[in-house]
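Numbering (UniProt numbering), first residue to last: 1 to 692.
Yeah, the Cβ is synthetic: ideal placement off N, Cα and C, and Gly gets one too.
Please read all numbers here as calculations on a predicted model, not as lab measurements.
Heads up, the thing below is written out as structure tokens.
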């Protein structure tokens, strides 16, 4: 997938999905790398869907036709293998990411995963790392940021559309002239004009002319960056902890990043700024502080009046009344000093309570010099003080937001890389834990046919893995696997299927060593319960007929492939068996019909597969009959029973090459024949002879 990729060419990606993927910074790289985390950041793309899209892109990159798991049981083996891996992940992301690893017959894809898996197997799972990973999640893009205190303004309709697309968090308005711009300035705390023509226009309010604003959206809406980091703060911190505990190389200085994050509140506002906190508190506490200041003044004045004897001669009182004077005049005349002291206390309280600095002069005018009782504040002055405090708070907040947003914006890519690296570590650790838990090794993948396993132990059995007996088994060409009931024939078939599947996923296998010939299709037919009716029997035969015919088509002379049923010659050299080799595993096909017919059918199928150089293992109790019915030599291996001990079957789990295993009834008859006391008349010896 070098160069530009046509997104719609990826399997499973239609026009709608392609449009969503184009919202990403580099969708082609995300697809090329199977980067589920990045793909899942596209609008409407879940992690599960991202994994499916990534698989499609990987197949497209490697020209992989798919179809490795050609039957239901083969798919189940793949699902079981995948479950063993995903059970060892900590994050949901890693589980989805592992779903992009699938069995393939294409060597380039297998080698790509093998390289990753070999590196992963060097990891040492540390409980502290796994604990830190539990809080890591892919970064989320907040889509609900709206800013209502500012707007963009332009005279150009095309720029209007561009602005709506580039900065959807704010309103965009079309204006014709400076008068309309001034009207906007009265409705918004900040107006950002996008047209150079407005430069130098004198308009009251916060109007900024920034023709390049669309190229630097963070300068207009720092909340975009701040909200992103606020929403993802815990995830980024957890990823940083993973890097620290796992001693990973971080893409940025962790202390700088964490220090910047410490300045953010959960809602995206700036924290840790004492001046901003002071102004915000002053705005919030203004009314309460004014009310308390009034009480302080009035309490002082009341005490002064109660403690002081005020004497007014009759002529003075008459004179005051005639002039219409009231208590204000009495205060000015008799208690002027006390009133001044009371107002001074009120002013001091207001300034101190709100920790006012630059606005102290305005605050002191909130209580007038003219005597009055009770002392009351000037509503106009308090309103003006509120405006000044609010403006100072907002300006400080905006400045701090821009400063912090500028710092964080430079670290956004690094933060994403930090989280992605932590998530990818979880994928690697899952593979490492799988390899450790099941004593895995990396298999040799060859171009020759067959499979060879030494010390293989299947983790699919319903017993603790430590109790699983190791199996050695090697097969080339076609083979019948015989053995006693409960001797482990199906388990051996499962082990071969699992090792083959894992090897073609590029992953380690549960064995001391393994050599696996390259396979493009795994046909695994599980044991059928009961005899099939005529229709089902016919369908099963057709399935094998199609398989044999298909293998026949793919195994003609190089450069001249025979097109199966039609006999048409294909000029596609890539269609041959060398490029599409198959493995066929069948468990007790005799259960589909009468034993005599089953032996003949299996003999014919095995002969056809043998001629076409397929690898096949047929588990059957009819090995002797199959060999008798076959016109060519067919290999027979056996899982040998050592004998009966206290009624329990003792079995050598590794199949013996070229050995027809004895059945359980034969073992019982042999045991009785060997016991001379029970076989005085030779009855059991005669029965035993029938087995030869």
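Check	Outcome
With DSSP run on the structure shown, which of helix, strand or coil describes residue 548?	helix
Looking at the unbroken beta strand (DSSP E) that takes in residue 618, where does it start and where does it end?	615-619
Here's the rule: buried if 16 or more other CB atoms are within 10 angstroms of the residue's CB, otherwise exposed. What is residue 492?	buried
Tell me which residues share the same chain as residue 120 and place their Cβ nearer than 7 Å to its Cβ, disregarding the 5 neighbours each side in the sequence.	428, 431 and 432
Quick one: is residue 544 buried, meaning 16 or more other Cβ sit within 10 Å of its Cβ, or exposed?	buried
Counting along the chain, where does the alpha helix (DSSP H) carrying residue 185 start and finish?	178-187
Could you check if residue 434 is buried or exposed, using at least 16 other CB atoms within 10 Å of its CB as the buried criterion?	buried
What is the residue span of the beta strand (DSSP E) that residue 525 lies within?	521-525
Can you grab the Cα-Cα spacing for the pair residue 265 / residue 138, in whole Å?	20 Å
Using the Cβ count rule (16 or more neighbours within 10 Å means buried), how would you classify residue 122?	exposed
Should residue 566 be labelled buried (16 or more other beta-carbon atoms within 10 Å of its own) or exposed?	The predicted position of residue 566 is uncertain, since its pLDDT is 31 and thus under 50; a value taken from the coordinates is nonetheless stated next. So residue 566 ends up on the exposed side.
Would you list the one or two residues that DSSP bridges to residue 173?	153
Runs of 4 residues minimum, wholly inside the segment 17-57: which ones carry the alpha helix (DSSP H) assignment?	27-33 and 36-39
Pull up the distance between the alpha-carbon of residue 43 and that of residue 598, whole angstroms please.	56 Å
In chain order, which continuous runs of the alpha helix (DSSP H) of length 4 or greater are located wholly inside the segment 436-509?	489-505
Pair every Cβ in the segment 211-226 with every Cβ in the segment 147-167, then say whether three or more of these pairs are closer than 8 Å.	yes
Just tell me which of 501, 473 and 522 has its CA closest to the CA of residue 513.	473
Taking residue 286 as the reference, give the member of 307, 465 and 359 with the closest Cα.	359
Relative to the C-alpha of residue 239, which candidate in 182, 132 and 11 has its C-alpha closest?	132
So residue 406 packs on residue 218, CB below 8 Å; how close in whole Å?	7 Å
What ranges does the alpha helix (DSSP H) occupy inside the segment 246-281, keeping only unbroken runs of at least 4 residues that lie completely in it?	254-261
Between which two residues does the beta strand (DSSP E) carrying residue 115 extend?	Element bounds for residue 115: not the beta strand (DSSP E) but the alpha helix (DSSP H), 107-120.
Hey, how far is the Cα of residue 3 from the Cα of residue 27?	Since pLDDT at residue 3 reaches only 43, below the 50 mark, its modelled position is unreliable, and the value read off the structure follows with that caveat. Rounded to whole angstroms, residue 3 to residue 27 spans 12 Å at the Cα level.
Tell me which residue opens and which closes the alpha helix (DSSP H) that residue 193 is part of.	Counting along the chain, residue 193 falls outside any alpha helix (DSSP H), though it belongs to the beta strand (DSSP E) covering 190-193.
According to DSSP, is residue 583 part of a helix, a strand, or is it coil?	strand
How is residue 635 classed by DSSP in three states: helix, strand or coil?	strand
Assuming residue 219 is part of the alpha helix (DSSP H), what are its boundary residues?	217-220
In angstroms, rounded to a whole number, what distance separates the CA positions of residue 25 and residue 226?	19 Å
Does the contact criterion of 3 or more C-beta pairs under 8 Å hold for the segment 413-427 versus the segment 94-103?	yes
Which residue wins for smallest C-alpha separation from residue 468, given the options 580, 77 and 456?	456
Can you tell me whether residue 555 is buried or exposed? The criterion is at least 16 other CB atoms within 10 Å of its CB, across all chains shown.	Residue confidence is low: residue 555 scores 46 on pLDDT, short of 50, so the model does not pin down where it sits. Its coordinate-derived value is still stated next. Per the 10 Å Cβ criterion, buried.
Taking the alpha-carbon positions, what's the residue 362 to residue 385 distance?	6 Å
Alpha carbon to alpha carbon, what distance is there between residue 246 and residue 17?	36 Å
So, for residue 301: in the same chain, excluding its five sequence neighbours on each side, which residues have a beta-carbon less than 7 Å away from its beta-carbon?	338, 339, 342, 373 and 375
Where does residue 15 land, buried or exposed, given buried means 16+ other C-beta within 10 angstroms?	exposed
Within this structure, are the beta carbons of residue 610 and residue 632 separated by less than 9 Å?	yes
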